[in-house]
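Novice: The sequence shown lines up with residues 13 to 91 when you count with the numbering used here.
A virtual CB, placed ideally from N, CA and C, is assigned to each residue, including glycine.
Handing you this structure, nothing more for now.
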Amino acid sequence: MPFANFKVPEKTLTPKQKEEIVTRTTELYVELYGERARDNTMVLVEEVADGGWGISGNVLTLAMLGETTPADPDDPNDA
């Protein structure tokens, strides 16, 4: 069974963007392995808590990177 695990900073993707990751990753596996992969492909998008990730021995936060939470156009609270 093809499996992909994406770890992303918490609250940096909208539900629509996560859906796109799942869809496009599945399509990639189908392109590589054929149609038989579609029904067996598992894609996991994990959100890592702010400050729970780093690079080169340094803990990174959204504030350090100047990132903000994306607005979800389908969420009336983000309008």
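I believe V34 touches V60 by the beta-carbon criterion, under 8 Å. Please report the beta-carbon distance rounded to the nearest angstrom.
Specialist: Not really, about 18 Å apart at Cβ, beyond 8 Å.
Novice: Is L72 closer than 8 Å to W65 when the C-beta atoms are compared?
Specialist: yes
Novice: Which same chain residues, not among the five before or five after M13, have their C-beta less than 8 Å away from its C-beta?
Specialist: N52, T53, M54
Novice: Within the same chain, show all residues whose beta-carbon is closer than 6 Å to that of Y41, passing over the 5 residues directly before and after it, in chain order.
Specialist: P14, A49, T53
Novice: What distance in whole Å lies between the Cβ atoms of N17 and E43, which are believed to be in contact at a cut-off of 8 Å?
Specialist: Cβ-Cβ separation between E43 and N17: approximately 19 Å, too far for a contact (criterion under 8 Å).
Novice: Which partner residues does K19 have in the DSSP bridge list?
Specialist: E58
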